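The structure appears below as structure tokens.
2 protein chains.
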Amino acid sequence: MTTLSRDVVVDVALRMVEEDGVEQLSMRKLAAELGVAVTSIYWHVGNRDALLDALVEREIADMHTIRPTGKTADARLLSIARTVHKRLRARPHVIALVNERGLAPVLLLPAQAALARELDAAGIKGSEAAFAVRSILYQVIGYAVLERWTERSPAKQMSGEDLWGQGEPPGPAETFEFATKTLVAAVLLG
Amino acid sequence: MTTLSRDVVVDVALRMVEEDGVEQLSMRKLAAELGVAVTSIYWHVGNRDALLDALVEREIADMHTIRPTGKTADARLLSIARTVHKRLRARPHVIALVNERGLAPVLLLPAQAALARELDAAGIKGSEAAFAVRSILYQVIGYAVLERWTERSPAKQMSGEDLWGQGEPPGPAETFEFATKTLVAAVLLG
DNA sequence: ACCTGAACACCGTTCAAGT
DNA sequence: ACCTGAACACCGTTCAAGT
Chain A
1 MTTLSRDVVV
11 DVALRMVEED
21 GVEQLSMRKL
31 AAELGVAVTS
41 IYWHVGNRDA
51 LLDALVEREI
61 ADMHTIRPTG
71 KTADARLLSI
81 ARTVHKRLRA
91 RPHVIALVNE
101 RGLAPVLLLP
111 AQAALARELD
121 AAGIKGSEAA
131 FAVRSILYQV
141 IGYAVLERWT
151 ERSPAKQMSG
161 EDLWGQGEPP
171 GPAETFEFAT
181 KTLVAAVLLG
Chain B
1001 MTTLSRDVVV
1011 DVALRMVEED
1021 GVEQLSMRKL
1031 AAELGVAVTS
1041 IYWHVGNRDA
1051 LLDALVEREI
1061 ADMHTIRPTG
1071 KTADARLLSI
1081 ARTVHKRLRA
1091 RPHVIALVNE
1101 RGLAPVLLLP
1111 AQAALARELD
1121 AAGIKGSEAA
1131 FAVRSILYQV
1141 IGYAVLERWT
1151 ERSPAKQMSG
1161 EDLWGQGEPP
1171 GPAETFEFAT
1181 KTLVAAVLLG
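Those protein sequences? They're chains A and B, same order as listed. Residue 69 in the working numbering sits at position 69 of the first sequence, with consecutive numbering throughout. Plus 1000 on top of the position in the second sequence (first one is 1) and you've got the working numbering.
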């Protein structure tokens, strides 16, 4: 029985949101989960809206921990793309919340800056770099969204043999790897 | 004072959802808007969940009206990409609803089939076609999501001069046009 | 076949009251 | 400084009752 604090409230709320979705998070259920009166929560986090804001802030803070790894330019760009992809997929409900609140640009700012830095080091600058950054981020987002789609309805895959014979197409994970590598290579060639 | 029917209920619900978001649609507000008792709605649409399902179904039906235009292969592929992009952006709240319900693959099936058909006519088949279809759709989705992001917080654009000097980068619309043209051309080259 | 009001269980939030 | 229960306005849904 840990004592109540803003942090544990946010912790438990985050878990509940990622398990059942935002609309399933009620202040009363959260209070029950915490073993506390509903109104105690209000003292620590203000209200429901402020609580959701706290989840968003935590996610944004987490994005600032992105560190490129690898020695070559393409390895470093690829590592950024992979990390963003992984984070977007890890907490989709909170990401949706960030989106609804119009804070997605803020969320992606660190990744954007990291990509721009690596491109600059590779000699790609100006509008060419701007285009490259967008291309990579847009693709990462498209995959993060669509992979969830295809996974959740396995019967209706985005690519069925009914459409092009050929047997099993590669899974979303391999497709992401291949497409991102291709894109990064193309971007580095100018 | 039109008589109540399933269709007008769905019409008004759709308008309210796109204006204020799903969470702002309450059965009671909808009833007030329709000038009718709350419980009347239940007779026509079942319940709130079934009503949201009806919005999703309407959106999916709308996607079946996609018709490629143009004579060359790249013009026809581009027209499909543009149409999907436009529809995704026209009703973002309903699209989010489609996504939450795991019906996005169903939503995109017509577009996917249309793309595959055009590629086939251009001599691109099998896994190569599967990859091309995914690439185009993922990019369209990434743009549809991110354009809304960048538009809603103009102060925090995805590309600031602070990052690469150069003055104003091209807007999202031009970037989408350019990126999609580039991608389609690349895909057609194999 | 269609519409209604009453009723129930739930919700977010405020506030006065406790320690 | 922190927690509580009572109270208020709202919500989705059911149901018996009307026409």
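By construction, the Cβ of each residue, glycine as well, lies at the ideal position given by its N, Cα and C atoms. Quantities reported herein were computed from a predicted structural model and do not represent experimental measurements.
Euclidean distance between Cα positions of residue i and residue j
i, j, result
"A:HIS85", "A:ILE141", "7 Å"
"B:GLU1019", "A:THR3", "42 Å"
"B:VAL1012", "B:ASP1049", "15 Å"
"A:LYS29", "A:ALA122", "52 Å"
"A:LYS125", "B:THR1180", "22 Å"
"A:ILE224", "A:THR72", "This structure cannot settle anything about residue 224 of chain A, because the visible part of chain A is limited to 1 through 190."
"B:TRP1043", "B:GLU1057", "19 Å"
"A:GLN112", "B:SER1005", "49 Å"
Cut-off 8 Å between Cβ atoms - residues of its own chain near residue i, not counting five sequence neighbours on either side
i, result
"A:THR69", "ALA75, ARG76 and SER79"
"B:SER1135", "LEU1183 and VAL1187"
"B:ASP1053", "ARG1101"
"B:LEU1103", "VAL1056 and ILE1060"
Counted within 10 angstroms of its Cβ, other Cβ atoms place residue i as buried (16 or more) or exposed
i, result
"A:VAL187", "buried"
"B:ASN1047", "exposed"
"A:PHE176", "buried"
"A:GLU23", "exposed"
"B:PHE1131", "buried"
"B:HIS1064", "exposed"
Close-in-space but distant-in-sequence residues of the same chain around residue i (CB under 7 Å, 5 per side omitted)
i, result
"A:VAL106", "ILE60"
"B:LEU1115", "LEU1077, ILE1080, VAL1133 and ILE1136"
"B:ILE1041", "VAL1009, MET1027, LEU1030 and ALA1031"
"A:ARG82", "none"
"A:ASP120", "ALA129"
"A:VAL36", "LEU4"
"A:ARG101", "VAL56"
"A:ARG91", "GLU18 and GLU59"
"B:LEU1025", "ALA1013, MET1016 and VAL1017"
Bounding residues of the alpha helix (DSSP H) (the contiguous stretch that carries residue i)
i, result
"B:PRO1068", "That residue, B:PRO1068, is in no alpha helix (DSSP H); it is neither H nor E in DSSP."
"A:THR3", "Unbroken run through A:THR3: none, as it is neither H nor E."
"B:SER1040", "1038-1045"
"A:ALA114", "104-121"
"A:LEU34", "27-34"
"B:VAL1022", "Run containing B:VAL1022: none; DSSP gives neither H nor E here."
Own chain partners of residue i with C-beta closer than 6 Å, once the 5 adjacent residues on each side are dropped
i, result
"A:ARG87", "none"
"A:LEU14", "LEU55"
Taking only beta carbons into account, state which residues of the stretch 81-100 of chain A come closer than 8 Å to chain B, listed in chain order.
ALA96, ASN99 and GLU100
Determine which residues of the stretch 1127-1143 of chain B have a Cβ less than 8 Å from any Cβ of chain A, and write them out in chain order.
SER1127, ALA1129, ALA1130, PHE1131, VAL1133, ARG1134, SER1135, LEU1137, TYR1138, GLN1139, VAL1140, ILE1141, GLY1142 and TYR1143
Please name the residues in the stretch 1050-1072 of chain B whose beta-carbon is closer than 8 Å to at least one beta-carbon of chain A, in chain order.
none
Short-range partners of chain A found in the stretch 1002-1031 of chain B, where Cβ spacing is below 9 Å:
GLY1021, VAL1022 and GLU1023
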